[in-house]
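These notes are about the structure you will find just below.
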Amino acid sequence: EDQVTQSPEALRLQEGESSSLNCSYTVSGLRGLFWYRQDPGKGPEFLFTLYSAGEEKEKERLKATLTKKESFLHITAPKPEDSATYLCAVRVNDYKLSFGAGTTVTVRA
Amino acid sequence: AAGVIQSPRHLIKEKRETATLKCYPIPRHDTVYWYQQGPGQDPQFLISFYEKMQSDKGSIPDRFSAQQFSDYHSELNMSSLELGDSALYFCASSSRTNSYEQYFGPGTRLTVT
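Protein chains in written order, with our numbering: chain E, 1 to 109; chain W, 1001 to 1113.
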């Protein structure tokens, strides 16, 4: 069965304190790994798609990387506005996304 | 840029009532997805439509049905509502020409009392 596991569940950071979130996956045929940001009560906001091991993508203070078994979301010098839940999802067919439980990041000023 | 539109944003229903949620995808997107997110949980895939045909089905109860219309908007119909149906319902859309990246709407918060 396809499985997506995110760690840690929660992360509290001081402003400027860089850190990484982990997403490990077990799927029969990965057809894309997605990172989303979700604020409370709002829809997930698309961040990145990664397709193959070794691929990296960056957006402002966020950088996503992919290996054959896991993906990392690195947050460099975070600011309070980076506080959110970060969701990882894998696509195993043309349609369905399977999400992890998410990592809730809180950045203190 | 235009985003996914969902209506209503909030809905309060009583047990055993019926609810209809609407989704208007991003222009030129041909695929629509429905997800359910309970409190503190990750989004769970319900159903998807490609070019007005059901393309995949997840953990959608038999009490729920959905369809995609000729203008690509979609409706999720929920009958015999139960307390456990209270959740955020998200619609997402994508285009086959854009690597299947799914863009989510703001959601409909359904409360069943």
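Using N, Cα and C, we set each Cβ at its ideal position, and we do this for glycine too.
Residue environment, P1043/W, which counts as buried when at least 16 other CB atoms sit within 10 Å: buried
Within its chain, find whatever has a CB closer than 7 angstroms to the CB of I1012/W; leave out the 5 residues flanking it on each side and keep chain order. T1111, T1113
Under a three-way DSSP split, which group does E70/E fall into? strand
Applying the 10 Å Cβ sphere with the 16-neighbour rule, what's the burial state of L13/E? buried
Continuous alpha helix (DSSP H) assignments of at least 4 residues falling wholly in the region 1045 to 1094 of chain W: If one requires a minimum length of 4 residues, no alpha helix (DSSP H) run lies completely within the region 1045 to 1094 of chain W.
Proximal residues to G1038/W (C-beta, below 6 angstroms), its chain only, five neighbours per side dropped: Taking C-beta separations shorter than 6 angstroms and ignoring five residues to either side along the sequence, the partners of G1038/W in its chain run A1087, following chain order.
Could you check how far apart the C-beta atoms of C23/E and Q6/E are, in whole angstroms? I think they sit under 8 angstroms. 5 angstroms
Nearest neighbour of I1005/W, chosen from R1096/W, F1090/W, L1081/W, Y1100/W [CA to CA]: F1090/W
Just the C-alpha distance for R31/E and R1009/W, rounded to the nearest angstrom, thanks. 32 angstroms
Alpha-carbon to alpha-carbon, H1029/W and E45/E: 17 angstroms
Using 7 angstroms as the threshold, is the C-beta distance between Y1100/W and S1093/W below it? no
Quick check: what's the CA-CA separation for R1016/W versus F1064/W? 12 angstroms
When you compare only the Cα positions, how much space is there between A1019/W and G16/E? 46 angstroms
Can the beta-carbon of L1046/W be found closer than 7 angstroms to that of G1058/W? yes
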